[in-house]
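Residues in the sequence shown are numbered consecutively from 9, following my numbering. No residue lacks a Cβ here, since even glycine has one placed at the ideal position from N, Cα and C. Note that the coordinates shown come from a computational prediction; the quantities given were computed from them, not determined experimentally. A quick write-up on the structure given underneath.
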Amino acid sequence: MISKLPHVGTTIFTTMSALAQQENALNLSQGFPDFNCDPELIEYVNKHMKAGHNQYAPMQGLPLLRRRIAEKTAKIYGCKYDPATEITLTSGASEGLFCAITAMVHPGDEVIVFDPAYDLYIPVIELNGGKAVQIKLQFRDYCIDWAQVAKAVSPKTKLIVLNSPHNPTGAVLSGDDLRQLAAIVRNKEIFILSDEVYEHIIFDDLQHHSVITEPELAKRAIVMSSFGKTYHATGWKIGYAVAPREITAELQKIHQFNAFTINTPIQHALAEYILKEEKYRDLGSFYQQKRDKFRQVTAGSRFKPLTCKGTYFQMMDYSAISDLPDTEFAVELTQKFKIAAIPISVFYHDREDNKVIRFCFAKADETLEEAGKVLSAI
Ligand SMILES: Cc1ncc(COP(=O)(O)O)c(C=O)c1O
9 MISKLPHVGT TIFTTMSALA QQENALNLSQ GFPDFNCDPE LIEYVNKHMK
59 AGHNQYAPMQ GLPLLRRRIA EKTAKIYGCK YDPATEITLT SGASEGLFCA
109 ITAMVHPGDE VIVFDPAYDL YIPVIELNGG KAVQIKLQFR DYCIDWAQVA
159 KAVSPKTKLI VLNSPHNPTG AVLSGDDLRQ LAAIVRNKEI FILSDEVYEH
209 IIFDDLQHHS VITEPELAKR AIVMSSFGKT YHATGWKIGY AVAPREITAE
259 LQKIHQFNAF TINTPIQHAL AEYILKEEKY RDLGSFYQQK RDKFRQVTAG
309 SRFKPLTCKG TYFQMMDYSA ISDLPDTEFA VELTQKFKIA AIPISVFYHD
359 REDNKVIRFC FAKADETLEE AGKVLSAI
């Protein structure tokens, strides 16, 4: 069989998690909590299952949930979206990202992507016959050089993919970043896909700047959110896209032949749970405590933390410990010291290796303390 993705293997997350399991190692590699979601949320799902909400929901998502997402979006970002035509429930942000790229990218189109990039974007761009034009975030603060972006834009540029707060680096975009991007795309037919799954996981009193708060960007943007990330339920795979009507119509044409519709009882449960504002408002401080705990328990180690402004990932510079390439160091760490992490070079198209690995700190305090003891002894 001729592969459509000849250069794609199993993702690094699957590889490292399998190795972690085989080595009985602490798994700080894959991005999910090792604690449970709110029992109340589980009860809501249970209630709706028992009430008989177990058949297909509408293709776009449950109307009540779409309405409440629109209300939340208006409240926290001050932006109005029509629940009937501008919001789509998706099978995790992943399916939404897939549908968005597929809707927007035609063969021969160029798509600007920032390296290190979440691993889904480029294979999907290529599946659709597009060409990823990769621009590196600047090591060590992982900022975007907008002059470089302006230079990379060509008549073939169709889409720019953003991710803030950023996986794996923990960098966040500022209001000024959005204004610079707006100036670049003004009067051009370029779409924006903004992956904002960590929108509520932002630290140190920083504010999340969604692209929808910048009108020049909002009118051309699809923004992806993830209930899995926000409510500690990554295994439920439920997210949503907000986008202007014409863009949503194209996205839904793909979605209806992909997932078609999303888990009904969970949508009912979320339509209730989303009203509890504190659950997402307090998420930043919840994970900031985890970040600070992880930094505190590794403070005496030879791992040097990089700045982390958001997400639940801490990048660590291990150059004081080893000269090994990061992929080999990550394997050694798992096999010898029983802690799994993610090497960052795999997120770069040219495999740039800055001797940095990523740890997920969405873990119970005991897990973080145990990890701290091991890492401090290396
Ligand atoms: C940047 C980014 N985008 C999208 C996703 C996928 O989100 P979901 O689990 O809702 O599909 C992840 C999950 O790790 C992520 O880190």
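Option nearest Ile168 by Cα separation, candidates Gly178, His174, Thr177 and Val157: The residue with the shortest Cα to Cα distance from Ile168 is Val157.
Report, in whole angstroms, the separation of the C-beta atoms of Ala348 and Ala33, which I expect to be a contact under 8 Å. Yes, they are in contact, since the Cβ atoms of Ala348 and Ala33 sit about 5 Å apart, within 8 Å.
Only counting the same chain, and skipping five residues up and downstream in sequence, which positions put a Cβ closer than 6 Å to that of Met57? Beyond the five residues adjoining it in sequence on each side, Met57 comes within less than 6 Å, by CB distance, of Pro273 in the same chain, given in chain order.
Do you know whose CA, among Phe122, Pro124, Leu128 and Cys87, lies nearest Cys107's CA? Residue Leu128 is the option with its Cα nearest to Cys107.
Among the residues of its own chain, which have a CB less than 8 Å from the CB of Arg194, if the five just before and after it don't count? So the qualifying residues of the chain are Glu224.
Reducing DSSP to helix, strand and coil, say where Glu378 ends up. Of the three classes helix, strand and coil, the one that applies to Glu378 here is helix, per DSSP.
Using alpha carbons as the reference points, say which of Leu189, Leu181 and Thr342 lies closest to Glu204. Closest in C-alpha terms to Glu204, from the list Leu189, Leu181 and Thr342, comes Leu181.
Within the continuous beta strand (DSSP E) that includes Lys287, where are the two ends? Where Lys287 is concerned, there is no enclosing beta strand (DSSP E), although the alpha helix (DSSP H) it sits in stretches over Glu285 to Arg289.
Cross-strand partners of Ser202 (DSSP beta bridge): By DSSP's assignment, Ser202 forms a beta bridge with Leu170 and Val231.
If you count every other CB in all the chains shown that lies within 10 Å of the CB of Gln297, and 16 or more means buried, which is it? Exposed, since its Cβ has fewer than 16 Cβ neighbours within 10 Å.
May I ask you to report which of helix, strand or coil DSSP gives Asn32? DSSP places Asn32 in coil when its eight states are reduced to three.
Taking DSSP's pairing of strands, which residues face Gln146 in a bridge? The partner list for Gln146 (beta bridge, DSSP) reads Cys151.
So what's Leu13 in DSSP terms, helix, strand or just coil? In the structure shown, Leu13 sits in coil (DSSP, three-state: anything other than H, G, I, E or B).
Would you identify the three-state DSSP class for Thr81, choosing helix, strand or coil? Helix.
Would you check if the distance between the CB atom of Leu189 and the CB atom of His217 is smaller than 7 Å? Their beta carbons are not under 7 Å apart, which means Leu189 does not touch His217 by this criterion.
So what does Arg366 bridge to, in DSSP terms? Paired residues: Met323 and Ile350.
Three-state secondary structure (DSSP) of Lys312: It is a strand residue.
Pick helix, strand or coil for Phe43, following the three-state DSSP scheme. In the structure shown, Phe43 sits in coil (DSSP, three-state: anything other than H, G, I, E or B).
Can you tell me where the beta strand (DSSP E) with Glu123 in it begins and where it stops? One detail in the question is off: residue 123 reads as Asp in this sequence, not Glu. Per DSSP, Asp123 belongs to the beta strand (DSSP E) from Glu118 to Asp123.
Under the criterion of a Cβ to heavy atom distance below 6 Å, does Ser25 qualify as lining ligand 1? Result no, Cβ not under 6 Å from ligand 1.
For the putative contact between Ala338 and Lys312, defined by C-beta atoms under 8 Å, what is the C-beta separation to the nearest angstrom? Ala338 to Lys312, Cβ: 16 Å. No contact.
Do Ala370 and Pro41 have their C-beta atoms closer together than 7 Å? Going by beta carbons, Ala370 and Pro41 fall inside the 7 Å limit.
Please work out which residues of its chain come closer than 6 Å, Cβ to Cβ, to Val141, disregarding the five sequence neighbours upstream and downstream, and give them in chain order. Once the five neighbours on either side are set aside, the close Cβ partners of Val141 are Glu118, Ile120 and Ala160.
In angstroms, rounded to a whole number, what distance separates the CA positions of Gln260 and Tyr248? In this structure, the CA atom of Gln260 is about 11 Å from the CA atom of Tyr248.
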